[in-house]
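Data first, discussion second: the structure below is written as structure tokens.
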Amino acid sequence: MTLAKNKNFIYLISGRVITNFGDSLYTVALTYITISFYNFGASALATFGLIAFLPSLMNFAFGTLIDNFRNKKNLLIIFEIIQLISITGILLTVYFRLDIILIFLLHFIFSFANTMIYPAQSSFIPEILQNKEKDIEKSVYIMNITNNTVDIISNFLSAIILIYMSIISILVLDIFTFLLCIALFFKISQKNINNTSINDNHSQKKLNYKDSILYSFKYFWKEKTPSRIVVMEGILSGLTTMVMRIVGAYLVIINIGVEYLGILLAIQGGSELIGVFLSNHIKMPFKNFFMIDYLISGTAITLIVFTDNIALKTFLFSLTFFLIGMSGTVYGKMIYHFYDYKHIGKVSSVINTVSSSAIVACMLIPMIYDDVERLIFITGVITIVFGLYLLFFNNSKDSLEDV
7 MTLAKNKNFI YLISGRVITN FGDSLYTVAL TYITISFYNF GASALATFGL IAFLPSLMNF
67 AFGTLIDNFR NKKNLLIIFE IIQLISITGI LLTVYFRLDI ILIFLLHFIF SFANTMIYPA
127 QSSFIPEILQ NKEKDIEKSV YIMNITNNTV DIISNFLSAI ILIYMSIISI LVLDIFTFLL
187 CIALFFKISQ KNINNTSIND NHSQKKLNYK DSILYSFKYF WKEKTPSRIV VMEGILSGLT
247 TMVMRIVGAY LVIINIGVEY LGILLAIQGG SELIGVFLSN HIKMPFKNFF MIDYLISGTA
307 ITLIVFTDNI ALKTFLFSLT FFLIGMSGTV YGKMIYHFYD YKHIGKVSSV INTVSSSAIV
367 ACMLIPMIYD DVERLIFITG VITIVFGLYL LFFNNSKDSL EDV
């Protein structure tokens, strides 16, 4: 059965596309509520950002529970319902002008459910696709294209909607997107799902909760090449997030002006999308791809600081995010390739924790050291160092596996 004919996969990806749009509406609405309704500034927005990452830091504690959950369709529906209730609570809080502390609490609950959805989804996809490796690889590619396209469109639409609709209307629309997603998830049929979570993970039930968490980390680390790449990707994701948060200041430094930030973000999104579209044609060992990726993108980031030509800076910026777009698909395939499908929930949870920890740590750096150009330069150098490590030092046999 091809992916186009797999109704369960279509329902899953359609639901996730709709909630991606809902997430964009939620982010825009939350920013507007904080600034316009409650008259709070950057500190409150930063607090919301920190709250969103906190559940990801605890993600590792739930991986085994997700893998052992028999009906992952119901698990996804539960998480979507939690998000729906959270948004409804925010709507009521705004409507009755209650204390913003309630919104902080509801935002934490929303973020907790959101961070649980990704490992649950990653664990559910092999079951929906009956553990067929080729279909799973294609699903990674399709979902990356879909997510990147929807992110670009939804961010644009969210900004337009905010101009023409009241904040209450936006929250009602957001609630509708989650209701629609839940309806699509209910249509997923259990008949054609290859559920192996109970029998294959029976041995995991013998472990107590603490031991099951330790097992998740041990299982993740036993695959040397992917686990090391995950850590490097986590650090680089954190550094990239940091750079994109301070890039507005860099535009001022090079006398362009922060008003061009929107254009820069559009270039970023477009470059990533092109990279995703071409990523399915990559045929080389995973280690080799990431080595080339890090060496080229690291060099590009470093050169951005040293060149004065704006056109060249833009090209180097585009090249970096083009490679980031490509790496997303390769990264997803690598995880499914090296790790047993029945343990994907554990692995995804550990990965979320590693990545989020790196992002939070990197976001704190500008508070201590705020030289924008040097931070960009350091990001480039670290990226090159990771590429050199893969070139000279990581020689494990599993690194020779093809994409």
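In the numbering used here, the protein residues as written are 7 to 409.
The beta carbon of each residue, even a glycine, is placed where N, CA and C say it ideally should be.
This one's a predicted model, so the numbers in the text were calculated from it and none came from an experiment.
Mark serine 354 as exposed unless 16 or more other C-beta atoms lie within 10 angstroms of its C-beta, in which case mark it buried. buried
Give me the Cβ distance between serine 285 and methionine 332, rounded to the nearest whole Å; I'm assuming they're in contact under 8 Å. 4 Å
Going by beta-carbon coordinates alone, are isoleucine 307 and threonine 326 separated by less than 7 Å? yes
In whole angstroms, give me the CA-to-CA distance for alanine 10 and leucine 51. 41 Å
Decide if serine 175 is buried, meaning its Cβ has at least 16 other Cβ atoms within 10 Å, or exposed. exposed
Use the C-beta contact count for isoleucine 350: other C-beta atoms within 10 angstroms, 16 or more gives buried, fewer gives exposed. buried
Out of Thr246, Met340, Val311, Leu185, point me to the one whose CA is closest to serine 20's CA. That would be Leu185, whose Cα lies nearest to the Cα of serine 20.
With C-beta atoms as the reference, is leucine 81 less than 7 Å away from alanine 126? yes
Please confirm if the segment 148-158 is in contact with the segment 91-100, defined as three or more CB-CB distances below 8 Å between the two stretches. no
Candidates Met373, Val360, Leu381, of which the one nearest arginine 234 by Cα: Val360
CB-CB under 6 Å to asparagine 205, same chain, minus the five flanking residues each way: which ones, in chain order? Bear in mind that the predicted position of asparagine 205 carries a pLDDT of just 47, short of 50, making it unreliable; the figure below should be weighed with that in mind. There are no such residues.
Best match in Ile83, Leu98, Thr385 for proximity to isoleucine 302 [C-alpha to C-alpha]: Thr385
Please confirm whether isoleucine 219 and alanine 67 have their CB atoms less than 7 Å apart. yes
Residue from Glu229, Ile298, Leu242, Lys339 whose Cα sits closest to the Cα of serine 362: For the residues Glu229, Ile298, Leu242, Lys339, the minimum Cα distance to serine 362 belongs to Leu242.
What does DSSP give as the partner residues of proline 232 in its beta bridges? DSSP output for proline 232 lists no bridge partner at all.
Which two residues bound the contiguous alpha helix (DSSP H) that contains glutamine 196? Counting along the chain, glutamine 196 falls outside any alpha helix (DSSP H), and DSSP gives it neither H nor E.
So, are the CB atoms of tyrosine 300 and threonine 183 less than 7 Å apart? Not in contact: tyrosine 300 and threonine 183 (Cβ atoms no closer than 7 Å).
Are the CB atoms of isoleucine 357 and valine 236 nearer to each other than 7 Å? yes
Could you compute how far the alpha carbon of lysine 352 sits from the alpha carbon of phenylalanine 75? Rounded to the nearest angstrom, the gap between the Cα atoms of lysine 352 and phenylalanine 75 is 12 Å.
Distance, serine 30 Cα to threonine 155 Cα: 13 Å
Assuming contact is defined by CB atoms lying nearer than 7 Å, are lysine 293 and threonine 335 in contact in what I supplied? no
Determine contact between the segment 372-380 and the segment 254-274, defined as no fewer than three beta-carbon pairs at a distance below 8 Å. yes
Take proline 291 as the anchor and find which of Ala317, Tyr337, Ile273 has the nearest alpha-carbon. The option with the nearest alpha carbon to proline 291 is Tyr337.
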